[in-house]
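**Q** Could you have a look at this structure, given as structure tokens, before my questions?
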Amino acid sequence: MATVYLGLGANLGKRIETLKEAVKKLAAHPGISVTAGSPYFETAPQGGPPQPPYVNAVLEIKTGLSPDELLEAVHEIEDCLGRDRGSSREQRWGPRTVDIDILLYDDLIVEEEHLKIPHPMMHERRFVLEPLADIAPESVHPLIKKTVAQLLEAIKGTPAKTKTRTSRALKNV
């Protein structure tokens, strides 16, 4: 079973409720076991058009799915929760109902057109590193060879505005 970290974000609709539903759907998948979750962080959007603030979190999962199978499962959950990935309305780095990214998959490095692991920009994004550091500060970025805590320390900028605990199901994991 691989240890995988997933980044979750939403800035449209009922953001926290949508992320809680994403966690439920991930946990219900037969090939995925949710083992830990960060608090929720409200963060300002980075890049893209003007848009509302995001709520972000990170999950630790255990899975026997391959990276491609996991990506397919994640996309199905995003679709189920209202994400319209193929729509011309969805802009790169624009607002969305839900976004689930594969951040780390053990120490695997994947460089495919449709999938890059580790996530290519995670080391530059406080909204990813802050919740990831909450549950896995000693995890090592397989390309940069630094821990999540070290990467977070190196980022300049303001911390996320608020922290809220994750759902009851994750508190008990």
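Heads up, the final residue of the sequence shown is numbered 172 in numbering that gives the first Met the number 0, and it's a clean run with no missing numbers.
All C-beta atoms, glycine included, are put in the ideal place defined by N, C-alpha and C.
#1: Classify Leu206: buried if its beta carbon has 16 or more other beta carbons within 10 angstroms, exposed otherwise.
#2: Give the DSSP-derived three-state secondary structure of Val73 in the structure shown.
#3: Starting from Asp106, follow the alpha helix (DSSP H) in both directions and report where the run begins and ends.
#4: Does the Cβ of Leu150 have 16 or more other Cβ atoms within 10 Å, making it buried, or fewer, making it exposed?
#5: With a 10 Å radius around its C-beta and 16 neighbouring C-beta atoms as the bar for buried, classify Met0 as buried or exposed.
#6: Identify, in the order they occur along the chain, each residue of the same chain with its Cβ nearer than 6 Å to the Cβ of Val97, setting aside the five sequence neighbours on each side.
#7: I think Leu69 touches Val33, with their Cβ atoms under 8 Å apart; what is that distance to the nearest whole Å?
#8: How close, in whole Å, do the beta carbons of Ile116 and Val127 come, if the pair is a contact with beta carbons under 8 Å?
#9: Per DSSP, what kind of secondary structure is Ala9 in: helix, strand or coil?
#10: How would you label Pro130, buried or exposed, when you count the other beta carbons within 10 angstroms and need 16 or more for buried?
#11: Using three-state DSSP, classify Lys61 as helix, strand or coil.
#12: Can you tell me which residues form a DSSP beta bridge with Ser32?
#13: Among Ile101, Glu152, Pro119 and Glu112, whose alpha-carbon lies nearest the alpha-carbon of Ser65?
#14: How is Ile116 classed by DSSP in three states: helix, strand or coil?
**A** Looking at the coordinates:
#1: The chain is shown from 0 up to 172; residue 206 falls before or after that span and cannot be answered.
#2: helix
#3: No alpha helix (DSSP H) contains Asp106, which DSSP labels as neither H nor E.
#4: Here Leu150 is buried, its C-beta having at least 16 other C-beta atoms within 10 Å.
#5: exposed
#6: Ala9, Thr17, Ala21, Glu77, Leu80 and Arg82
#7: With 8 Å as the limit, Leu69 and Val33 do not qualify as a contact, their Cβ atoms being about 13 Å apart.
#8: So it is not a contact: roughly 13 Å between Cβ atoms.
#9: strand
#10: Counting Cβ neighbours within 10 Å, Pro130 comes out buried, since at least 16 surround it.
#11: Here DSSP, grouped into helix, strand and coil, assigns Lys61 to strand.
#12: Lys61
#13: Ile101
#14: strand
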